[in-house]
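So the structure is just underneath, and the comments pick up after that.
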Amino acid sequence: MNLPIRLFYPCLLFTCMSMNTLSSSAESLFEPGTTEHTKINQGYLSKHLSLSLALQNVLKNDYQLTRSKLEASALAAEAESKNVLPDPVLFAGIQNIPVNSFDLDQEAMTQLRVGVKQMFPKGDSLNLQKSIVQHAENEQNFLYQLRVLSLRQQTEITWLEAWYWQKSQTLIEADRVFLTQMLEFMQSVYQLGGNNQSDLLGAELELIKLDETLLDAQRQYQQYRQSLNALANVVMNQPLLDDSLIHLPKQEIPKDDVLSAVLASHPAFQVAEENSAQLLKKVTLSEQDFKPQWGLELSYGLRDDMPDGTDRANLLSAGLSVQLPLFSRPQKTQAVRALKYKHAASENKRQALFQQVRFDLRNLGEQYQTTLAQRQLYETKILPTLSKQKDSAIQSYQADKGDFKVVTDLYLKEQSTRIKYQRLRVNEQILLSKINYWLSPMLASANAYQTSSESYASQSLMEHQP
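What follows is the structure, given as structure tokens:
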């Protein structure tokens, strides 16, 4: 009785390993560059959500981007309204009427006076006001670009996390197929008296634990898919993501002197630069209050004829007024001082941001190198060693020198290690996404993201420039 049962175990192992081989062959159909991939590409894309499509939906439906465009247009219109003189003041009146007779031709000084007054702003305040609003418009445009970069990073990280949990489900489901077949076979063997109850209960427990792990992976996947929908403000109905992991562009982190020039072109620092420029212009505008404000007045006086019919000459008057900042000087001095402090604080904030980004990039670079080394270690040593160990255990068992439970344990250990390996692959791309967020000016001319089904290039970003 034991001999036939013993012979069935290798058959079970061979069947499960063959299923994994067929699964790997099926996945190879979706690798780019193959004829099969070209034939099924159209149907594949219809049910798979690529990172490119997700980002297009996110950028197309983001309310903040639309609002930023509207605010920039409003500031552009406001800037044009700033560089104009105040409206002139027209006046008219009858002057010097004799109150004893109210006769308009009695006195020579009685006249109908018509005139205009025009005030001129202090110093160069008109141009400065327009320049301040223009800097605010530029700041809004850079905030738009910063939002695009932020949405890209959020979309990439969320898509990558969703891909990891989708891949985990695939690996766990492969484990579950193996364990289910093993359990069914062990039940049949147990009924024939070939196994003890402890091994059977152990297999059932492993299957229950695997079901719980699969449910957790499904929950995590749905959570990140909902996050993608929230980013896109639309339900993206593709049930699955691309099978192949996206490879983001890799850029070396430059030295500090080059890094400062790169970061100066980043929207985050350009926003800070425009904010600092606004405050500097406001300082200059406030200093205009120390200059006098000039006014010009021109009037024309019409006089009636004298009582004997003799004509009286009409009168033309011109005047110049000036407002001197005498009593308000201390107040204006403090206002200028306050704006200078704000400008200094803005410069300090910009310098602090540079230092923070510099250290963050160094940290991200070190994390990336460590993750890369870990991933390569899994590829070159850990996974091959586990595979050899599993094959050795199978050979030992087939030679009647090993334990079947050791074989199954090694199989599950290998699958768990493959999941950890996928986690490292995803972490590697997430770190690149975080690095590329700050090095985006360096990637502007070569920002191509290759996926298994399409090229995800910088066009989607360039189309959303304000």
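In terms of the numbering used here, the sequence shown opens at residue -10 and continues consecutively. For each residue, glycine too, the CB sits at the ideal point set by N, CA and C.
7 Å CB neighbourhood of residue i in its chain, flanking five on each side removed
i	result
G32	Below a pLDDT of 50, predicted positions are generally treated as unreliable, and G32, at 40, falls in that range; no measurement from the model is reported.
L268	L328, K331, H332, S335
E126	A61, L64, A65, A68
L313	P281
Q259	F131
Y153	Q411, R412, V415
K271	I121, L328
Q100	Q84, N85, G290, L291, R292, L304
Spatial neighbours of residue i in its chain, beta-carbon cut-off 8 Å, leaving aside the 5 residues before and after
i	result
V73	L115
S249	F343
D457	The structure shown does not extend to residue 457, since the chain is modelled only from -10 to 455, so the question has no answer here.
S376	E403
L59	none
S275	K321, A324, V325, L328
S265	H332, S335, E336, R339
C-alpha gap between residue i and residue j, whole angstroms
i	j	result
N425	L138	9 Å
V325	L315	16 Å
T374	S57	55 Å
E286	P296	31 Å
I86	L309	26 Å
L291	P75	28 Å
G82	G104	9 Å
L304	G112	32 Å
E262	E195	59 Å
V346	S120	30 Å
M431	L204	42 Å
T360	Y133	33 Å
T273	K409	59 Å
R136	I371	41 Å
E193	L234	33 Å
S306	Y52	59 Å
H26	L42	Bear in mind that the predicted position of H26 carries a pLDDT of just 38, short of 50, making it unreliable; the figure below should be weighed with that in mind. Going by the C-alpha atoms only, they are around 19 Å apart.
L223	L40	Looking at the sequence itself, residue 223 is Val, so the reference to Leu does not match. Each residue's Cα considered, the two are about 15 Å apart.
F19	H37	Bear in mind that the predicted position of F19 carries a pLDDT of just 35, short of 50, making it too unreliable to give a figure here.
I243	Q340	The sequence as given places Pro at residue 243; Ile does not occur at that position. Straight-line Cα distance between these residues: approximately 18 Å.
S429	R412	25 Å
D92	Q118	51 Å
S385	M171	18 Å
E368	H124	52 Å
N458	N226	Absent from the model: residue 458. The displayed extent of the chain is -10 to 455, so no value can be given.
E128	N352	29 Å
L421	E241	10 Å
K379	R364	21 Å
Q84	K71	37 Å
Counted within 10 angstroms of its Cβ, other Cβ atoms place residue i as buried (16 or more) or exposed
i	result
R407	buried
Y400	buried
V415	buried
D164	buried
D231	buried
T299	exposed
E150	buried
M98	exposed
L366	exposed
R318	exposed
Y357	buried
T397	buried
I197	exposed
K394	exposed
Any non-hydrogen atom of the ligand ADP within 7 Å of residue i CB
i	result
K394	You won't find the ligand ADP in this model; it holds no ligand whatsoever.
Same chain, Cβ closer than 6 Å to residue i, neighbours up to 5 away in sequence not counted
i	result
V47	L140, T144, L220, A221
T147	Y213, S216, L217
K338	none
K106	V78, E286
Q277	K111, G112, S114
Candidates the options, of which the one nearest residue i by Cα
i	options	result
F461	Q45, V122, L101, W283	Given that the chain is displayed from residue -10 to residue 455, the structure contains no residue 461 and the question cannot be resolved.
R208	Q158, L64, L44	Q158
K239	D200, Q404, I419	I419
E173	L313, L190, E162	L190
P77	Q378, S317, N50, S288	S288
F80	S422, E96, E67, R102	R102
H255	W427, L42, S39, T55	W427
E458	T202, Q323, K423	Because the chain in this structure spans residues -10 to 455, residue 458 falls outside the shown range and cannot be described.
D200	F167, L229, L234, K49	F167
Q211	V223, K198, L229, I197	L229
Q320	F279, Y153, K271	F279
A362	E417, D349, N352, L350	E417
S405	Q155, L160, T55	L160
T202	D246, Q176, Q155	Q155
Problem - Runs of beta strand (DSSP E) wholly within the segment 92 to 175 (minimum 3 residues, chain order) - result: 100 to 109
Practice task
Entirely within the segment 59 to 91 and at least 3 residues each: give me those beta strand (DSSP E) ranges in chain order.
Solution key: 78 to 84
Exercise for the section: Please specify which runs of the beta strand (DSSP E), each continuous and at least 3 residues long, are wholly inside the segment 295 to 347, giving them in chain order. Expected result: 304 to 312
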